[in-house]
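Numbering (the UniProt record's numbering), first residue to last: 1 to 343.
So this is what it looks like as structure tokens:
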């Protein structure tokens, strides 16, 4: 857990039929540190969008956005956070804020040629009880990125560096945080092999960055129930693969199944295990829970399912609330009421 002076427990979020099961830890976003001289080489830095002379971080309001009809799409904001390291350096140096915009990559970069990359997703909210912003367990996203980086042979920012970068990105784009109750500022941390490499090997250089966008609910149905299509032929992950880490290469392969499902009127796909083809695993971008009576069940994260931050929080709070939690679900075919949550 990030060490924040005003951290407190709350129950703010929800997409579940288990009512009070949903909850989490919230922490007031701090304003610690930052700055320092740039450690980016001049050529690489010149390819980044540069800070313009107009500082917009203290402006209020996100342009002409209709906050009442905010969907889940890309609305470019003002700043992004950038940090890098090389194999020789052995770790990430201090990062910096730059104007949001395109970056330059070698055609032979590790991420473009071999998919050496990870991403995370988390949100910042305006506080309801005063000024400031709320983050949902950002240290858990940091630890998950570290775990994924180990699997993908990549260096990773420390938990402290990750959380600091998230906080700086929110503060620099605070005018884009939706009004309380209207949505959230979505944060997308990326870790990519940006260095040039021809043979199959880890990249010589890595870039960590975070950009942000104001968003509403992920599904157009909002908080209403959604319909999932059970997919029996296409599988998201297999034992021994990378289904348990949030690598970028896990997501494009599910687009075909997802598009086919949507063409038939379904919101998303419910994937089955690739061995027996009968046990539920997860949706394209969400963990799943089955709620039956006083029990809450979810598939075990045994290498084929991403360990969602929201998933972990629901399990903890469900147990605190007296629910029986089963994390195997391998005795339950996909014929029960499904509760879905983004991770």
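Where is the CB? At the ideal position from N, CA and C, for every residue including glycine.
- The continuous beta strand (DSSP E) containing residue 136 extends over residues 133 to 136.
- Residue 319: member of the alpha helix (DSSP H) spanning 309 to 320, first to last residue.
- Residue burial annotation: residue 69 is exposed, with fewer than 16 other C-beta atoms found within 10 angstroms of its C-beta.
- In the DSSP assignment, the residues bridged to residue 211 are 188.
- Contact between the stretch 69 to 79 and the stretch 137 to 157 is not established, with fewer than three Cβ pairs separated by less than 8 Å.
- The Cβ-Cβ distance between residue 84 and residue 279 does not fall below 8 Å.
- Bounds of any beta strand (DSSP E) do not take in residue 237, whose DSSP letter is neither H nor E.
- CA-CA distance, residue 272 to residue 305, rounds to 11 Å.
- Between residue 173 and residue 78, the C-beta gap is smaller than 8 Å, which places the two residues in contact.
- One Cα belongs to residue 191, the other to residue 117, and the distance between them is close to 6 Å.
- Residue 96 counts as buried, since at least 16 other C-beta atoms from the protein chains shown sit within 10 angstroms of its C-beta.
- The alpha-carbon separation between residue 152 and residue 203 amounts to approximately 11 Å.
- For residue 127, there is no enclosing beta strand (DSSP E), as DSSP gives it neither H nor E.
- Residue 167 and residue 144 have their C-alpha atoms roughly 18 Å apart.
- Between residue 290 and the set 298, 108 and 193, the nearest pair of CA atoms involves 298.
- Cα atoms of residue 164 and residue 211: separation of roughly 14 Å, rounded to the nearest angstrom.
- Judged by their CB atoms, residue 76 and residue 119 are not nearer to each other than the 8 Å cut-off.
- Secondary structure of residue 143 (DSSP, three-state): helix.
- For the pair residue 254 and residue 269, the CB atoms are nearer than the 8 Å cut-off.
- The shortest C-alpha to C-alpha distance from residue 262 to any of 149, 229 and 296 is the one to 229.
- Taken in chain order, the complete beta strand (DSSP E) segments of 3 or more residues contained in the stretch 79 to 122 are 79 to 86, 96 to 99 and 117 to 119.
- Closest by C-alpha distance to residue 302, out of 292, 282, 294 and 293, is 282.
- Counting along the chain, no beta strand (DSSP E) covers residue 72, and no H or E run does either.
- With fewer than 16 other Cβ atoms from the protein chains shown falling within 10 Å of its own Cβ, residue 324 counts as exposed.
- Taking 8 Å as the cut-off, the Cβ atoms of residue 157 and residue 65 do not count as close.
- By the C-beta density criterion, residue 287 is buried, having at least 16 other C-beta atoms within 10 angstroms.
- Out of 128, 259 and 322, the CA that lies nearest to the CA of residue 184 is found in 128.
- DSSP places residue 162 within a helical segment (H, G or I) once states are collapsed to three.
- From the listed residues 123, 159, 237 and 239, the smallest Cα separation to residue 176 is found for 123.
- CA-CA distance, residue 131 to residue 180, rounds to 11 Å.
- C-alpha of residue 316 to C-alpha of residue 162: approximately 24 Å in a straight line.
- With fewer than 16 other CB atoms across the displayed protein chains lying within 10 angstroms of its CB, residue 239 is exposed.
- Counting the other CB atoms within 10 Å of its CB gives residue 154 a total of 16 or more, which places it among the buried residues.
- For the options 182, 91, 247 and 201, the alpha carbon positioned closest to that of residue 285 is the one of 247.
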